[in-house]
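Let me begin by presenting the structure, written as structure tokens, before commenting on it.
Residue numbers (the working numbering): 20 to 239.
Here's what the structure looks like:
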């Protein structure tokens, strides 16, 4: 007897991946500091409790760890119309939005030279936090198996710009370090054959200012 041939394809065409997560078993603190409701939409008891906390001025502050996520503004509040857990920013958006497809450039060295030590210190940790945000988003994309071609390249570009800015901050600080050493070093004639050996720092000290003391002949 002839064998029936199966004409249907043995595979399923893949479309755009839809990130999904299992339901959380542990409640979290919302980005605005309030406890997460046990159900969505929130129950009337939860809404009344939140209203009483705000009326008494007892609303908790935002947890510092939320600074490591790009929380959308519409996700800061949970109302009676919220049908499902909001987007807390652990994933970058996959829509073709111009705001999501563009990002600022890296800082240039001439711009950084105009900033004080305090500003450079603050900017360093802002960039470090942004790199942590991007690393969190990359790890979450990998966990739920989103392909690299769906928004992954933009994260890599943003991470590279942060790294370039941080490298230029180190470059500018090294310029200032060398300038301080040159200002404190003894004058050497241009025709001198010998070179002045500049120690990096006094032995046993991590303070960069000890380089100047080393030039002056100060010993530990």
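Beta carbons: idealized from backbone N, C-alpha and C, even for Gly.
Next item on the list: Please state if the CB of residue 188 and the CB of residue 143 are separated by a distance shorter than 7 Å.
Entry: As a first step, residue 143 must be located in the chain shown, where it is residue number 124. As a first step, residue 188 must be located in the chain shown, where it is residue number 169. Result yes, Cβ atoms of residue 143 and residue 188 sit closer than 7 Å.
Checklist line | Bounding residues of the alpha helix (DSSP H) (the contiguous stretch that carries residue 132) | finding: For the purposes of this step, residue 132 is identified with residue 113 of the chain shown, where counting begins at 1. Element bounds for residue 132: 128 to 132.
Checklist line | Under the three-state DSSP convention, the category residue 92 falls into | finding: As a working note, residue 92 is residue 73 in the chain shown. Residue 92 falls in the helix class under three-state DSSP.
Notebook entry, point to check: Helix, strand or coil: which one does DSSP assign to residue 141?
Noted result: Your numbering for residue 141 matches position 122 in the chain shown. Annotated three-state conformation of residue 141 is helix, per DSSP.
Check: Just the Cα atoms here: how many angstroms apart are residue 56 and residue 162?
Finding: Against the chain shown, residue 56 aligns to sequence position 37. Against the chain shown, residue 162 aligns to sequence position 143. Here the alpha carbons of residue 162 and residue 56 stand approximately 25 Å from one another.
Margin query: At the level of alpha carbons, what is the spacing between residue 167 and residue 90?
Written below: Numbered from 1 along the chain shown, position 148 holds the residue referred to as residue 167. Numbered from 1 along the chain shown, position 71 holds the residue referred to as residue 90. Cα to Cα, residue 167 sits roughly 22 Å from residue 90.
Next item on the list: Please confirm if the segment 77 to 87 is in contact with the segment 49 to 63, defined as three or more CB-CB distances below 8 Å between the two stretches.
Entry: Below 8 Å, enough C-beta pairs join the segment 77 to 87 and the segment 49 to 63 to call them touching: three or more.
Next item on the list: Just the C-alpha distance for residue 99 and residue 76, rounded to the nearest angstrom, thanks.
Entry: If you number the chain shown from 1, residue 99 lands on position 80. If you number the chain shown from 1, residue 76 lands on position 57. In this structure, the straight-line span from the alpha carbon of residue 99 to that of residue 76 is close to 21 Å.
Next item on the list: If I'm right that residue 122 touches residue 195 with Cβ under 8 Å, what's the distance once you round it to whole angstroms?
Entry: On the chain shown, position 103 is the one that residue 122 refers to. On the chain shown, position 176 is the one that residue 195 refers to. Contact flag wrong, Cβ pair sits at about 29 Å.
Notebook entry, point to check: Going by Cα to Cα distance, which pick from 198, 59, 150 and 125 is closest to residue 178?
Noted result: On the chain shown, position 159 is the one that residue 178 refers to. When 198, 59, 150 and 125 are compared, the shortest CA-CA separation from residue 178 is found for 150.
Checklist line | Beta-carbon proximity list for residue 190, same chain, < 7 Å, skipping 5 on both sides | finding: As a first step, residue 190 must be located in the chain shown, where it is residue number 171. For residue 190, where only same-chain residues beyond five positions count, the Cβ hits under 7 Å are 128.
Notebook entry, point to check: Expressed to the nearest angstrom, what Euclidean distance is found between the alpha-carbon atoms of residue 202 and residue 140?
Noted result: Position 183 of the chain shown, counting from 1, holds the residue named residue 202. Position 121 of the chain shown, counting from 1, holds the residue named residue 140. Counting only the Cα atoms, residue 140 lies some 23 Å from residue 202.
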